[in-house]
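Student:
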Amino acid sequence: MNESTMKNPKYEFWRLRVFLITWLAYVGFYLTRSSFSVAKIGISNDPDIRMSPEQMGLIDGLYLAAYAIGQFVWGALGDKKGTRVVVLTGLMSSVIAGFAMGVSSIVLAFGIFSFVQGLSQSTGWAPLAKNISNWFSLRERGVIMGWWSTNYAIGSLIAAPFAGFMADYFLDWRFAFFMPAAVLFMIAVLFFFLQRNRPKDVGLPSIEDYHGEQRSTLNPSGSLEDEPDEGSWKAIMMVVKNRMVLLLAVVYFFLKPTRYAILFWGPLYINETLNTGMTESAIINVSFFLAGPLSVLFAGYVSDKVFNSRRLPYCIIALFLLAIILFFFNDIAVLKNKIVIAAVLFLIGFLLYGPDSLVSATAALDFGTSKGASTASGLVNGFGSIGAILGGTIPGFFKESWGWGGVFAFLAASVLIASVIMIPKWNAIPINNNEK
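For what it's worth, this note's numbering labels the leading residue of the sequence shown as 305, then goes sequentially.
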């Protein structure tokens, strides 16, 4: 390994530049993603808009369905067309859909543009994660993706308050759509000027050559011979058939319901348990999200420094502990102590966000390799998005018959399944892209 090459100022400048602009781009996606959830309050009180809670739920469902579909489509296209084309398309279509929802007054229009917004949002994660894999190597990826994955935790923290503040400031719910879309447009402009897909686009060697690492291959034999070209359908299909990628997809399907159940139903659960108002319920529930940035950083460092770039051991341990806490959470909550509930929600977030980022991003990039990173991440996140639909809807359908204790028992079982099915692959790590 050439030490002078390791400190190439031009290479390090571009690595930092790509890291920052891709991180900002995904934070930006959250701005328009959260607009409708905030605007619902104003829409409900607008005499010119007749939209029932059931119709709002249907609009959310259209968004989630489109987001799940888009993960599969844009993941493959991210490898075939490159990050730049796919993400810029998504950023601009998200801006347009956001403005369109802001000027809409009929339910059908909201539904159509919510579906478009879901497709637009799904262009972000997989292609952007691929971008990172082209600039950061396997041995450092746990730490780097730990820092990078703070984008969705921070995005979820700032997006809704920003939309709400804009709507209150202008005294019009439509600005919950307009202002986030305007900010996202500015981010899209920055992305256009600052982002590049891979080192060779700016005359630099590959990250493997730069770090003196062995190249990973998509060939099951581990041979570099007959290696498919990046963006070819052969490379994409090899990723789709990769058993480790498929395992991660199944794991993410069982992992994701908990996050979306707490996102969509946490405030209502707290309200019914503690008899708190809307604002206080939301503040207590935000404890779950506050754990996100710390959790993904901790998980990234542990996976690299303690488990030698193996991602699954940390996930197995954290999810097993999470399953136990979820199973007993309702029993703890009935004590009606606000501080205790907030603390346990923080712990749930801490145990969940780390495995979430390792499975959906870091491990998907490891086993998909830089050639198939977008396809792998899209496939994993696509299955996760289907799980998210379950997490967002099951509490509404079954909390009356099961009770909240039953809902949390279901989430505990789902997380436990995710943990158990990873145990046989405890030591899995790409070596010439073969897990040993």
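Think of the CB as a built atom: it goes at the ideal place given N, C-alpha and C, for glycine as much as any other residue.
Please read all numbers here as calculations on a predicted model, not as lab measurements.
Pick helix, strand or coil for P756, following the three-state DSSP scheme.
Tutor: It is not possible to answer for residue 756, since the shown part of the chain is limited to 305 through 740.
Student: Tell me the rounded alpha-carbon separation between Y605 and I620.
Tutor: Looking up residue 605 in the sequence shown gives position 301. Looking up residue 620 in the sequence shown gives position 316. Looking at the two C-alpha atoms, the distance is approximately 16 Å.
Student: I want to know whether the segment 412-428 touches the segment 554-567 - three or more CB-CB distances under 8 Å.
Tutor: No, the segment 412-428 is not in contact with the segment 554-567.
Student: Within 10 Å of its beta-carbon, does A732 have 16 or more other beta-carbons around it, so buried, or fewer, so exposed?
Tutor: Within the sequence shown, the letter at position 428 stands for residue 732. Buried, because 16 or more other Cβ atoms sit within 10 Å of the Cβ of A732.
Student: Is the Cβ-Cβ distance between M548 and F687 less than 7 Å?
Tutor: Position 244 of the sequence shown holds residue 548. Position 383 of the sequence shown holds residue 687. No, these two residues do not count as a Cβ contact at 7 Å.
Student: From F497, I511 and E576, pick the residue whose C-alpha is nearest to that of L324; which is it?
Tutor: As a working mapping, residue 324 is identified with position 20 in the sequence shown. It is F497 whose Cα lies nearest to the Cα of L324.
Student: In terms of residue numbering, what span does the alpha helix (DSSP H) encompassing I727 cover?
Tutor: Counting from 1 along the sequence shown, the entry for residue 727 is found at position 423. No alpha helix (DSSP H) holds I727; DSSP gives it neither H nor E.
Student: List in chain order: all unbroken alpha helix (DSSP H) runs of 4+ residues lying wholly within the segment 323-405.
Tutor: Whole alpha helix (DSSP H) segments, 4+ residues: 339-348 and 357-385.
Student: How far does the alpha helix (DSSP H) with E517 in it extend, from its first residue to its last?
Tutor: Start at 1 with the first residue of the sequence shown, and residue 517 comes out as number 213. Looking at the DSSP string, E517 is not in any alpha helix (DSSP H), and its letter there is neither H nor E.
Student: Are G682 and Q375 touching if we call contact CB-CB under 7 Å?
Tutor: Here residue 682 refers to the residue found at position 378 of the sequence shown. Here residue 375 refers to the residue found at position 71 of the sequence shown. Closer than 7 Å, so yes.
Student: At what residues does the alpha helix (DSSP H) containing W452 begin and finish?
Tutor: In the sequence shown, residue 452 corresponds to position 148, counting from 1. Where W452 is concerned, the enclosing alpha helix (DSSP H) stretches over L442 to W452.
Student: Can you tell me whether DSSP reads F826 as helix, strand or coil?
Tutor: This structure cannot settle anything about residue 826, because the visible part of the chain is limited to 305 through 740.
Student: Could you tell me the boundaries of the alpha helix (DSSP H) in which L662 lies?
Tutor: Sequence index remark: in the sequence shown, residue 662 carries index 358 (1-based). Per DSSP, L662 belongs to no alpha helix (DSSP H) and is neither H nor E.
Student: Looking only at C-alpha atoms, which of N435, N546 and A467 sits nearest to S510?
Tutor: Stepping through the sequence shown from its first residue, residue 510 is reached at position 206. Residue N435 is the option with its Cα nearest to S510.
Student: Hey, out of G596, I347 and A668, whose CA is closest to A430's CA?
Tutor: The sequence position of residue 430 within the sequence shown is 126, counting from 1. Measuring from the Cα of A430, the nearest candidate turns out to be A668.
Student: Is the segment 402-413 in contact with the segment 314-322, if contact means three or more CB pairs nearer than 8 Å?
Tutor: Touching, no, given that fewer than three Cβ pairs across the two stretches are closer than 8 Å.
Student: Cβ of E576 versus every heavy atom of the ligand SAM: is any distance shorter than 6 Å?
Tutor: Because no ligand of any kind appears in the structure shown, any question about the ligand SAM cannot be addressed here.
Student: Excluding the 5 residues flanking M355 on each side, which residues of the same chain have their C-beta closer than 6 Å to its C-beta?
Tutor: In the sequence shown, counting from the first residue as 1, residue 355 sits at position 51. Once the five neighbours on either side are set aside, the close Cβ partners of M355 are I347 and V411.
Student: Are P597 and L623 touching if we call contact CB-CB under 7 Å?
Tutor: In the sequence shown, counting from the first residue as 1, residue 597 sits at position 293. In the sequence shown, counting from the first residue as 1, residue 623 sits at position 319. It is not a contact, given that the beta carbons lie outside the stated cut-off.
Student: Evaluate F702 with the Cβ neighbour count: other Cβ atoms within 10 Å of its Cβ, from every protein chain shown; 16 or more gives buried, anything less gives exposed.
Tutor: Position 398 of the sequence shown, counted from the first residue, corresponds to residue 702. By the 10 Å Cβ count, F702 comes out exposed.
Student: Leaving out five residues before and five after A370 in sequence, what residues of the same chain have Cβ atoms less than 6 Å from its Cβ?
Tutor: In the sequence shown, the residue the question calls residue 370 occupies position 66. Result list for A370: F419, G422 and L423, in chain order.
Student: Report the rounded CA-to-CA distance for A646 versus E517, giving the unit in angstroms.
Tutor: Taking the first residue of the sequence shown as position 1, residue 646 is located at position 342. Taking the first residue of the sequence shown as position 1, residue 517 is located at position 213. Distance between the alpha carbons of A646 and E517 is about 44 Å.
Student: How is I410 classed by DSSP in three states: helix, strand or coil?
Tutor: Counting from one through the sequence shown, the residue named residue 410 turns up at place 106. Coil, per DSSP.
Student: How would you call I690, buried or exposed, if buried means at least 16 neighbouring beta carbons within 10 angstroms?
Tutor: The residue given as residue 690 occupies position 386 in the sequence shown. Flag for I690 reads buried.
Student: What separation, rounded to the nearest whole angstrom, lies between the Cα atoms of A680 and Y473?
Tutor: The count along the sequence shown starts at 1 and reaches residue 680 at position 376. The count along the sequence shown starts at 1 and reaches residue 473 at position 169. Answer to the nearest angstrom: the Cα atoms are 42 Å apart.
Student: Give a yes or no on contact between the segment 607-617 and the segment 627-638, applying the rule of three or more CB pairs nearer than 8 Å.
Tutor: The segment 607-617 vs the segment 627-638: no contact.
Student: Checking contacts by CB at 7 Å: is T427 closer than that to chain D?
Tutor: Absent from the structure is chain D; it holds one protein chain and no more.
Student: Thinking C-alpha only, which one of G700, L656 and G379 is nearest L362?
Tutor: Translated into positions along the sequence shown, residue 362 becomes position 58. Among G700, L656 and G379, the Cα nearest to that of L362 belongs to G700.
Student: Thinking C-alpha only, which one of M360, N501 and W708 is nearest W439?
Tutor: For the purposes of this step, residue 439 is taken as residue 135 along the sequence shown, with counting starting at 1. It is N501 whose Cα lies nearest to the Cα of W439.
Student: Tell me the rounded alpha-carbon separation between I491 and L328.
Tutor: The count along the sequence shown starts at 1 and reaches residue 491 at position 187. The count along the sequence shown starts at 1 and reaches residue 328 at position 24. Those two C-alpha atoms are separated by around 7 Å.
Student: Where does G507 land, buried or exposed, given buried means 16+ other C-beta within 10 angstroms?
Tutor: For the purposes of this step, residue 507 is identified with residue 203 of the sequence shown, where counting begins at 1. Exposed, since its Cβ has fewer than 16 Cβ neighbours within 10 Å.
Student: Can you tell me where the alpha helix (DSSP H) holding R547 begins and where it ends?
Tutor: Position 243 of the sequence shown, counted from the start, is the residue given in the question as residue 547. Unbroken alpha helix (DSSP H) run through R547: R547 to L578.
Student: Using 8 Å as the cut-off, can you tell me whether the segment 373-392 makes contact with the segment 441-455, which would need three or more C-beta pairs spanning the two stretches below that distance?
Tutor: No contact exists between the segment 373-392 and the segment 441-455.
Student: Find out if the Cβ-Cβ distance for the pair A539, G676 is shorter than 7 Å.
Tutor: Locating residue 539 in the sequence shown gives position 235, where the first residue counts as 1. Locating residue 676 in the sequence shown gives position 372, where the first residue counts as 1. Taking 7 Å as the Cβ cut-off, A539 and G676 qualify as a contacting pair.
Student: Taking the continuous alpha helix (DSSP H) assigned at D505, which residues delimit it?
Tutor: Numbered from 1 along the sequence shown, position 201 holds the residue referred to as residue 505. Careful: D505 lies outside any alpha helix (DSSP H) and carries neither H nor E.
Student: Under 7 Å, do S339 and A467 count as touching if we go by C-beta distance?
Tutor: Counting from one through the sequence shown, the residue named residue 339 turns up at place 35. Counting from one through the sequence shown, the residue named residue 467 turns up at place 163. Going by C-beta atoms, S339 is nearer than 7 Å to A467.
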